[in-house]
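Peer 1: Got a structure here, written out as structure tokens. Questions coming.
There are 2 protein chains.
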Amino acid sequence: MLSSDTLGPTITFGEILVEIMATTPGHGFGQALDLRGPFASGAPAIFISQCARLGGQAGIVACVGDDDFGRLNTDRLRADGADVSAVSIHPTLPTGTAFVRYRPDKGRDFVFNIAHSAAGQIAMTDAARALVARAGHLHVMGSAFAIPHLWALLQEAIPVVKARGGSLSLDPNLRKELMTPDTAARLAQVVAQADLLLPSGSELQLAAGLPEASEAEAVAALLAVVPEIVLKRGDQGATLFTADTRIDQPAFAVTEVDPTGAGDCFGAAYLTARRLGLANPLQLAAAAGARNVTCLGPMEGAGTLADLTRFIAEKDPT
Amino acid sequence: MLSSDTLGPTITFGEILVEIMATTPGHGFGQALDLRGPFASGAPAIFISQCARLGGQAGIVACVGDDDFGRLNTDRLRADGADVSAVSIHPTLPTGTAFVRYRPDKGRDFVFNIAHSAAGQIAMTDAARALVARAGHLHVMGSAFAIPHLWALLQEAIPVVKARGGSLSLDPNLRKELMTPDTAARLAQVVAQADLLLPSGSELQLAAGLPEASEAEAVAALLAVVPEIVLKRGDQGATLFTADTRIDQPAFAVTEVDPTGAGDCFGAAYLTARRLGLANPLQLAAAAGARNVTCLGPMEGAGTLADLTRFIAEKDPT
Numbered sequence: 113m114l115s116s117d118t119l120g121p122t123i124t125f126g127e128i129l130v131e132i133m134a135t136t137p138g139h140g141f142g143q144a145l146d147l148r149g150p151f152a153s154g155a156p157a158i159f160i161s162q163c164a165r166l167g168g169q170a171g172i173v174a175c176v177g178d179d180d181f182g183r184l185n186t187d188r189l190r191a192d193g194a195d196v197s198a199v200s201i202h203p204t205l206p207t208g209t210a211f212v213r214y215r216p217d218k219g220r221d222f223v224f225n226i227a228h229s230a231a232g233q234i235a236m237t238d239a240a241r242a243l244v245a246r247a248g249h250l251h252v253m254g255s256a257f258a259i260p261h262l263w264a265l266l267q268e269a270i271p272v273v274k275a276r277g278g279s280l281s282l283d284p285n286l287r288k289e290l291m292t293p294d295t296a297a298r299l300a301q302v303v304a305q306a307d308l309l310l311p312s313g314s315e316l317q318l319a320a321g322l323p324e325a326s327e328a329e330a331v332a333a334l335l336a337v338v339p340e341i342v343l344k345r346g347d348q349g350a351t352l353f354t355a356d357t358r359i360d361q362p363a364f365a366v367t368e369v370d371p372t373g374a375g376d377c378f379g380a381a382y383l384t385a386r387r388l389g390l391a392n393p394l395q396l397a398a399a400a401g402a403r404n405v406t407c408l409g410p411m412e413g414a415g416t417l418a419d420l421t422r423f424i425a426e427k428d429p430t
Numbered sequence: 113m114l115s116s117d118t119l120g121p122t123i124t125f126g127e128i129l130v131e132i133m134a135t136t137p138g139h140g141f142g143q144a145l146d147l148r149g150p151f152a153s154g155a156p157a158i159f160i161s162q163c164a165r166l167g168g169q170a171g172i173v174a175c176v177g178d179d180d181f182g183r184l185n186t187d188r189l190r191a192d193g194a195d196v197s198a199v200s201i202h203p204t205l206p207t208g209t210a211f212v213r214y215r216p217d218k219g220r221d222f223v224f225n226i227a228h229s230a231a232g233q234i235a236m237t238d239a240a241r242a243l244v245a246r247a248g249h250l251h252v253m254g255s256a257f258a259i260p261h262l263w264a265l266l267q268e269a270i271p272v273v274k275a276r277g278g279s280l281s282l283d284p285n286l287r288k289e290l291m292t293p294d295t296a297a298r299l300a301q302v303v304a305q306a307d308l309l310l311p312s313g314s315e316l317q318l319a320a321g322l323p324e325a326s327e328a329e330a331v332a333a334l335l336a337v338v339p340e341i342v343l344k345r346g347d348q349g350a351t352l353f354t355a356d357t358r359i360d361q362p363a364f365a366v367t368e369v370d371p372t373g374a375g376d377c378f379g380a381a382y383l384t385a386r387r388l389g390l391a392n393p394l395q396l397a398a399a400a401g402a403r404n405v406t407c408l409g410p411m412e413g414a415g416t417l418a419d420l421t422r423f424i425a426e427k428d429p430t
């Protein structure tokens, strides 16, 4: 069962980056292009930004460089109201970067510097331990299962948060290519302890450990373990599954400017609405995801409760 | 004495980067900006590009990542006619990056990833040894004196090139903050063996080991050791000093778009013109520097002999 916001902040572990975007679609970065950036980014950071903007307590364990790109991110999260006390500043490594260019087919080309940037040095510092000790909820990104030192941090943090009555959510955003016996075992271990699952598309089957199963079969298998599942279907909406309910939420129709971060905003808004006891968490989540794709930049469209309420009223009053 | 181009290529060791430029002046990278890039960059790479475009044999010992930014650079240098056989490709580290923004006062703000990028992994590979073994000239960037592993490579390469009759040039581009007893000793050691010195402004005094000396005093001291000195004065032109000549070269008047790389193009054109036996090396060098500042991107304005001849004819036929 999800803990109330009053127990303590929603926290997560993971990469903080800047994103630099090509302003024209095409393939890769083989010649000089018009770019726009740096934008605050990193899936865990987007998640925490949206939690905080919606009014939830939120914090992140991360590492940035001692440079403008790191400061841009911490300034942003601090302004959102997030707790950045556990964001350490590496003295020599640069803040992580991701150059992104949309391909004409809507796929994306990247040039990353993450593993060998400050983002690769996330550690259980004293400040991180202190944040974990007061956390009310831990949100796990599945991508962490493929990064041994991140997995070690989660193994330390999960029991601490659970022991004080905190809850656990999982976004199983693990690419199939990263599924090894190790990552599958880690995934299963976190699924077994999760209070909320936030898969996108076929991550549902991945989380169930049933890659060939139908949606209904995977949901049934997971509901035997996890009390609450929200399946994100992108522009096809989302569905909440619990033991005794199914709620389908249509997507808001928007003009897509930049889809990056939509899933993270969706998940963060759903979780935060549930922890704060707000009305209609699923609709709020759909609004958060949709609003974010209307803005250039991975978390530029993350809205406050007032923003999302206005967005819902304008878009579709039903 | 400078060796002829027929002895073998001009080579150098150092960083290959991409540069990403803010298109508006201001301070730092604290928010999203319009940017242009990636541009092929790195002072040693600019130098080698200009050597090759002018028709000289040229090669570089460097290291890039296995990414679009590395390929952009090696494709560019290969297209220029440079030897990239000693550019190794690091399997995991990214290609170095430099974000640059001009300040309103003409200073520059940077966010670098060099030391911890592939550029920090330059090594004496078999391919590098083979390039050194056939080199006719070695150009040393003084910035290498502050980087222990680069200095070790130069210590190996200098005697090899010298032993086969090759020559040595030095651009003592060492910032004062990097002047330690170690770097000063390395600088003095290379000055003592140099056939050509290419200082900018007060680097002349630095190279002479006489920080308080006048220009004339520093030149006199250096000419006791180095047969040929070209002092680069930016938009004030340049002066060639030898034991029995002084030639002053005025600068070409141009509209400055991007000053980065001008000094490297100047030095490369001078050296290459001398090694190829072209007429009026100093004028060609001034044209190469001036032409490069008219183009956005650190080496986008590096010209061929035809480009520079046309540039000279158009700008100032005197």
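Which chain is which? The protein sequence lines are A and B, in order.
Take 113 as the starting number for the first sequence in this note's numbering and just add one per residue.
Take 113 as the starting number for the second sequence in this note's numbering and just add one per residue.
Glycine included, every Cβ here is placed at the ideal spot set by N, Cα and C.
Keep in mind it's a predicted model, so treat the numbers as computed, not measured.
(1) In angstroms, rounded to a whole number, what distance separates the CA positions of B:P323 and B:A350?
(2) How would you call B:V369, buried or exposed, if buried means at least 16 neighbouring beta carbons within 10 angstroms?
(3) Quick check on the DSSP output: the alpha helix (DSSP H) that includes B:F159 runs from which residue to which?
(4) Could you list the residues in the stretch 173-194 of chain A with a C-beta less than 8 Å from some C-beta on chain E, going in chain order?
(5) Output the residue ranges of the alpha helix (DSSP H) runs that lie fully inside the stretch 368-423 of chain B and measure 4 residues or longer, sorted by chain position.
(6) So for A:A174, helix, strand or coil by DSSP?
(7) Roughly how many whole angstroms lie between the Cα atoms of A:L184 and A:H228?
(8) Run the CB neighbour count on A:T118, radius 10 Å, all protein chains shown included, and call it buried at 16 or more, exposed below.
(9) Pull up the distance between the alpha-carbon of A:A256 and that of A:L390, whole angstroms please.
(10) What does A:K344 pair with, by DSSP beta-bridge criteria?
(11) Is any beta-carbon of chain B found at less than 8 Å from that of A:P150?
(12) To the nearest angstrom, report how far apart B:T295 and B:A258 are at their CA atoms.
(13) Excluding the five sequence neighbours on either side, which residues of its own chain have a C-beta within less than 6 Å of the C-beta of B:R188, listed in chain order?
(14) Less than 8 Å separating the beta-carbons of B:T372 and B:G168?
(15) Closer than 8 Å, CB to CB, is A:P410 near chain B or not?
(16) If the cut is a Cβ gap below 9 Å, which residues of chain B does A:P339 touch?
(17) How about B:F353 and B:A398: are their beta carbons less than 8 Å apart?
(18) Count the other C-beta atoms from every protein chain shown that fall within 10 angstroms of the C-beta of A:E452, then say buried if there are 16 or more, exposed otherwise.
(19) Just mark A:D180 as buried or exposed, buried being the case when its beta carbon has 16 or more other beta carbons within 10 Å.
(20) Name the two residues that bound the continuous alpha helix (DSSP H) containing A:H261.
(21) Anything in the stretch 225-254 of chain A with a Cβ closer than 8 Å to a Cβ of chain B? List those residues in chain order, please.
(22) Would you be able to state if there are at least three C-beta pairs under 8 Å between the stretch 214-233 of chain A and the stretch 260-273 of chain B?
(23) Got a sec, what are the start and stop residues for the beta strand (DSSP E) A:E131 sits in?
(24) Whole angstroms is fine: what's the gap from B:A306's alpha carbon to B:Q267's?
(25) Between which two residues does the beta strand (DSSP E) harbouring A:G208 extend?
(26) Step through the CB atoms of chain A and report whether any lies within less than 8 Å of the CB of B:D370.
(27) Can you tell me whether A:V376 is buried or exposed? The criterion is at least 16 other CB atoms within 10 Å of its CB, across all chains shown.
(28) Are the C-beta atoms of A:A144 and some chain B residue less than 8 Å apart?
(29) Report yes or no: is there a C-beta of chain B within less than 8 Å of the C-beta of A:V405?
(30) Closest to A:A300 by CA distance: which of A:S312, A:E289, A:L282 is it?
(31) So what does DSSP say about B:P293, is it helix, strand or coil?
(32) Checking the sheet assignment: what are the DSSP bridge partners for B:R190?
(33) Could you please tell me which residues of the stretch 194-211 of chain B, in chain order, have their CB closer than 9 Å to any CB of chain A?
(34) On a Cα-Cα basis, can you pick out the residue from A:R165, A:G142, A:K344, A:V337 that is closest to A:S314?
(35) Under a Cβ-count criterion, where at least 16 other Cβ atoms within 10 Å of its own Cβ denotes burial, should A:S200 be classed as buried or exposed?
(36) State the Cα-Cα distance for the pair B:G278 and B:V176, rounded to the nearest angstrom.
Peer 2: In brief:
(1) The count along the second sequence starts at 1 and reaches residue 323 of chain B at position 211. The count along the second sequence starts at 1 and reaches residue 350 of chain B at position 238. Cα to Cα, B:P323 sits roughly 20 Å from B:A350.
(2) The sequence position of residue 369 of chain B within the second sequence is 257, counting from 1. Exposed is the label assigned to B:V369, since fewer than 16 other Cβ atoms lie within 10 Å of its Cβ.
(3) One-based indexing of the second sequence puts residue 159 of chain B at position 47. Its alpha helix (DSSP H) spans residues 155-165.
(4) Chain labels in this structure do not include chain E; the protein chains are A and B.
(5) Runs found: 374-388, 393-405.
(6) Here residue 174 of chain A is taken as the residue at index 62 of the first sequence, counted from 1. In the structure shown, A:A174 falls within a strand segment according to DSSP collapsed to helix, strand and coil.
(7) Residue numbering aside, residue 184 of chain A sits at position 72 when the first sequence is read from its first letter. Residue numbering aside, residue 228 of chain A sits at position 116 when the first sequence is read from its first letter. Going by the C-alpha atoms only, they are around 20 Å apart.
(8) Counting from one through the first sequence, the residue named residue 118 of chain A turns up at place 6. It is exposed - the Cβ of A:T118 has fewer than 16 other Cβ atoms within 10 Å.
(9) In the first sequence, residue 256 of chain A corresponds to position 144, counting from 1. In the first sequence, residue 390 of chain A corresponds to position 278, counting from 1. If I take the Cα positions, the gap works out to 29 Å.
(10) Here residue 344 of chain A is taken as the residue at index 232 of the first sequence, counted from 1. For A:K344, DSSP records a beta bridge to A:S312, A:A350.
(11) Against the first sequence, residue 150 of chain A aligns to sequence position 38. Closer than 8 Å to some Cβ of chain B, the Cβ of A:P150 qualifies, so yes.
(12) The count along the second sequence starts at 1 and reaches residue 295 of chain B at position 183. The count along the second sequence starts at 1 and reaches residue 258 of chain B at position 146. Just so you know, the alpha carbons of B:T295 and B:A258 end up roughly 6 Å apart.
(13) Looking up residue 188 of chain B in the second sequence gives position 76. Cβ within range, chain order: A152.
(14) What you label residue 372 of chain B is simply residue 260 of the second sequence in a count that begins at 1. What you label residue 168 of chain B is simply residue 56 of the second sequence in a count that begins at 1. Not closer than 8 Å, so no.
(15) Translated into positions along the first sequence, residue 410 of chain A becomes position 298. Answer no: the Cβ-Cβ gap between A:P410 and chain B never drops below 8 Å.
(16) What you label residue 339 of chain A is simply residue 227 of the first sequence in a count that begins at 1. None at all; the shortest Cβ gap to chain B is about 40 Å.
(17) Counting from one through the second sequence, the residue named residue 353 of chain B turns up at place 241. Counting from one through the second sequence, the residue named residue 398 of chain B turns up at place 286. No, these two residues do not count as a Cβ contact at 8 Å.
(18) Residue 452 of chain A lies beyond the range of chain A shown here (113 to 430); nothing can be said about it.
(19) Position 68 of the first sequence, counting from 1, holds the residue named residue 180 of chain A. Per the 10 Å Cβ criterion, buried.
(20) As a position in the first sequence, residue 261 of chain A is number 149, starting the count at 1. From DSSP, the alpha helix (DSSP H) with A:H261 extends over 260-275.
(21) Residues passing the 8 Å Cβ filter: N225, A227, H228, S229.
(22) No contact exists between the stretch 260-273 of chain B and the stretch 214-233 of chain A.
(23) Within the first sequence, residue 131 of chain A is the residue found at index 19, counting from 1. Unbroken beta strand (DSSP E) run through A:E131: 129-134.
(24) Sequence index remark: in the second sequence, residue 306 of chain B carries index 194 (1-based). Sequence index remark: in the second sequence, residue 267 of chain B carries index 155 (1-based). Each residue's Cα considered, the two are about 13 Å apart.
(25) As a position in the first sequence, residue 208 of chain A is number 96, starting the count at 1. Where A:G208 is concerned, the enclosing beta strand (DSSP E) starts and stops at 208-214.
(26) In the second sequence, the residue the question calls residue 370 of chain B occupies position 258. No - not a single Cβ of chain A is within 8 Å of the one on B:D370.
(27) Taking the first sequence and counting its residues from 1, one reaches residue 376 of chain A at position 264. Note that residue 376 of chain A is Asp in the sequence shown here, rather than Val. It is buried - the Cβ of A:D376 has at least 16 other Cβ atoms within 10 Å.
(28) Here residue 144 of chain A refers to the residue found at position 32 when the first sequence is read from its first residue. When Cβ-Cβ separations below 8 Å define contact, A:A144 makes contact with chain B.
(29) By one-based count along the first sequence, residue 405 of chain A stands at place 293. Cβ-Cβ to chain B under 8 Å: no for A:V405.
(30) By one-based count along the first sequence, residue 300 of chain A stands at place 188. Of all alpha-carbon atoms in A:S312, A:E289, A:L282, the one lying nearest the alpha-carbon of A:A300 is that of A:L282.
(31) Here residue 293 of chain B refers to the residue found at position 181 of the second sequence. It is helical.
(32) Position 78 of the second sequence, counting from 1, holds the residue named residue 190 of chain B. Beta-bridge pairing links B:R190 to no other residue.
(33) Near chain A, meaning a CB-to-CB distance below 9 Å, the residues of the stretch 194-211 of chain B are T204, L205, P206, T207, T209, F211.
(34) On the first sequence, position 202 is the one that residue 314 of chain A refers to. Distances from the CA of A:S314 to each of A:R165, A:G142, A:K344, A:V337 were compared; the closest alpha carbon is that of A:K344.
(35) As a first step, residue 200 of chain A is located in the first sequence; it is residue number 88 there, counting from the start. The residue in question, A:S200, is buried, as its Cβ has 16 or more Cβ neighbours within 10 Å.
(36) Along the second sequence, read from residue 1 onward, the residue named residue 278 of chain B stands at position 166. Along the second sequence, read from residue 1 onward, the residue named residue 176 of chain B stands at position 64. The straight-line gap from Cα to Cα measures roughly 27 Å.
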